[in-house]
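For the record, in the sequence shown the residue sitting at position 262 is 261 according to numbering that gives the first Met the number 0, with numbers rising by one throughout.
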Amino acid sequence: MPEITMPRLSDTMEDGVVVTWLKQVGDKVTRGEILAEIETDKALMELEAYDDGVLDQILAEPGTRVPIGSPIAMLGDGSTAAKPAPAVTVPATSTESTSIPPSTQTTSASTAGAAPDDRRKSSPLARKIARELGIDLNGVTGTGPGGRITRHDVESAQASTEPPVTAPSAAPVVAATGDYEEVPLTTVQQVAAKRLTESKQQAPHIYLTSAIDVTDLLAFRTDVNKTLQSAGAGKVSINDLIVKAVAVTLRADPAVNVSFDGDKLLRHRGIHLGVAVAIPAGLVVPVIRDADRKSISEIAAESREKAERARARKLRVDEMTGGTFTISNLGMFGVEQFAAVINPPEAAILAIGAATDQVHLIDGEVVTRKILRVTLSADHRAIDGATAATFLQQLKDLLEHPLRIVT
């Protein structure tokens, strides 16, 4: 009877969480079919069947964390499928408790135990979002083909059940009596906590901030988008222009596109830019490879596509690794300035704030300009202050003369 074991789905993965079984005991399984969704340290990934057969036993229920190589299910000919499944004997780890909130476990178990016909009436993404929001799909009306429940249906159901946020006392806050609510970290949050702690402990950070006049950049984006719209192409954002400007700057001066490696520096030939994306499970960083060789439109399209798949936890591991420099933008939240923690093994990260109106005196006249503050966090073992300052100076010059970004 073939064992189905927890696979290694990323280089840094040590264990995984079974999020959902898409097949149930007694279901026929064909090689290549998706059996389950597994949460790794980087993403939500699909587990494919490697053999044909019948799913005889499920050993790891949804929400269970399982070390790599441990059995999570048994595949057979169906002769034992009706027998009661044995108790889960998955080896314990130091983090044996599930990373899935109790409410999510209940929802997942309910989904896993549903009849096959019911499961086909909702998309995997809809089920995932329902678990995260604690929505019971039995109460959601599907508007997709054949009554299939879609992501939009789940989000609409959530919106209809959310109470109006008017009374501060209704918010889940820590009471003065010491009461508190335990919220287990997701796997992504656990990995981020470990890696960022190591970064701050091991890499001596230096921070340099530059104020950049982006008035002309905003006008340039408007012109570019008019041209793209007339051609039927998608728009570009200010962040897309910054990504391209950073890539051009790193190509011209690669001194910041490095990693510290003990007694030497690794100067990367490729310019692979990570763009931080916040999702409910934590912070993930899709990587745009060879960003210096791509047009702004290509960068914009790739950024949108990867950000959307990041929120759906559908990014592949290779799409989140191999970055040489990261950009983190909180300007859309109104944050004017902040300093980010370096994403190892990279040696620098650029934090982008919001553009704000500021009064300037130019040629004897008082004018209003849009000013953007960016902060470079650099590993001082690999990048000294003058090198970091030179990078910012070149980036500022590009952003204040945006035609140079594309010429």
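In this text, a Cβ means the ideal position worked out from N, Cα and C, and glycines have one as well.
{"Check": "As assigned by DSSP and simplified to three states, the class of T355", "Outcome": "strand"}
{"Check": "Cut-off 8 Å between Cβ atoms - residues of its own chain near G384, not counting five sequence neighbours on either side", "Outcome": "I205 and L207"}
{"Check": "Simplified DSSP state of G112, which is helix, strand or coil", "Outcome": "Low per-residue confidence applies at G112: pLDDT is 38, beneath 50, and the placement is therefore not dependable enough to give any value."}
{"Check": "Close Cβ partners of T39 (< 7 Å) along its chain, the five nearest in sequence each way excluded", "Outcome": "L8, S9, M12, G15 and T186"}
{"Check": "Minimum C-alpha distance to G321 - residue among E345, D378 and I37", "Outcome": "E345"}
{"Check": "Start-end ranges of the beta strand (DSSP E) lying completely within the stretch 0–70, minimum 3 residues", "Outcome": "2–4, 14–20, 33–38, 43–47, 52–57 and 64–66"}
{"Check": "CA-to-CA distance, R268 to F390, given in whole angstroms", "Outcome": "17 Å"}
{"Check": "Minimum C-alpha distance to L314 - residue among I341, N238, P285 and R292", "Outcome": "P285"}
{"Check": "7 Å Cβ cutoff met for L46 and A35", "Outcome": "yes"}
{"Check": "Residue of I287, S376, S258 and G68 minimising C-alpha distance to G273", "Outcome": "I287"}
{"Check": "Buried or exposed by the 16-neighbour rule on C-beta atoms within 10 Å, applied to H400", "Outcome": "exposed"}
{"Check": "Simplified DSSP state of D396, which is helix, strand or coil", "Outcome": "helix"}
{"Check": "Residue range of the beta strand (DSSP E) that includes I404", "Outcome": "Per DSSP, I404 belongs to no beta strand (DSSP E); it is in the alpha helix (DSSP H), L402 to V405."}
{"Check": "Backbone secondary structure at T323 - three-state DSSP", "Outcome": "coil"}
{"Check": "Of the residues A275, A350, I348 and E335, the one placed nearest Q357, counting alpha carbons only", "Outcome": "E335"}
{"Check": "Separation of G352 from K369, as counted between CA atoms", "Outcome": "12 Å"}
{"Check": "Residue environment, A191, which counts as buried when at least 16 other CB atoms sit within 10 Å", "Outcome": "buried"}
{"Check": "Pairwise C-alpha distance: D215 and R303", "Outcome": "24 Å"}
{"Check": "Best match in R64, A246 and D55 for proximity to L74 [C-alpha to C-alpha]", "Outcome": "D55"}
{"Check": "Burial state of G62 (16 or more Cβ within 10 Å)", "Outcome": "buried"}
{"Check": "Nearest candidate by alpha-carbon position, reference A280, set E297, G141 and R312", "Outcome": "R312"}
{"Check": "Neighbour-count burial assignment, T374, 16 or more Cβ in a 10 Å radius", "Outcome": "buried"}
{"Check": "Element boundaries [beta strand (DSSP E), containing T374]", "Outcome": "E364 to D378"}
{"Check": "Minimum C-alpha distance to L240 - residue among Q392, T196, L398 and Q201", "Outcome": "L398"}
{"Check": "Euclidean distance between Cα positions of V139 and R130", "Outcome": "13 Å"}
{"Check": "Beta-carbon proximity of I404 to A246, cut-off 7 Å", "Outcome": "no"}
{"Check": "Boundaries of the beta strand (DSSP E) in which A339 is found, first to last residue", "Outcome": "Taken as a continuous stretch (DSSP letters only), A339 belongs to no beta strand (DSSP E), as it is neither H nor E."}
{"Check": "Given I67 as reference, the closest of P6, A48 and A125 once Cα atoms are compared", "Outcome": "P6"}
{"Check": "Short CB-CB distance (under 7 Å) between L329 and chain D", "Outcome": "Although the question refers to chain D, the structure presented lacks it and comprises just one protein chain."}
{"Check": "Beta-carbon proximity check, V213 vs I295, cutoff 7 Å", "Outcome": "no"}
{"Check": "Reference Q393, options D378, G330, R250 and L265, closest by Cα", "Outcome": "R250"}
{"Check": "Where S237 falls: helix, strand or coil (DSSP)", "Outcome": "According to the sequence shown, residue 237 is Ile rather than Ser. Of the three classes helix, strand and coil, the one that applies to I237 here is helix, per DSSP."}
{"Check": "Residues that DSSP places opposite F219 in a beta bridge", "Outcome": "Note: F219 sits in no beta bridge, so no partner."}
{"Check": "Top-ranked residue by Cα proximity to L184, from K27, R64, E307 and M319", "Outcome": "R64"}
{"Check": "Assigned secondary structure, T389 (DSSP; H/G/I helix, E/B strand, else coil)", "Outcome": "helix"}
{"Check": "Collapsed DSSP secondary structure at I295 in the structure displayed", "Outcome": "helix"}
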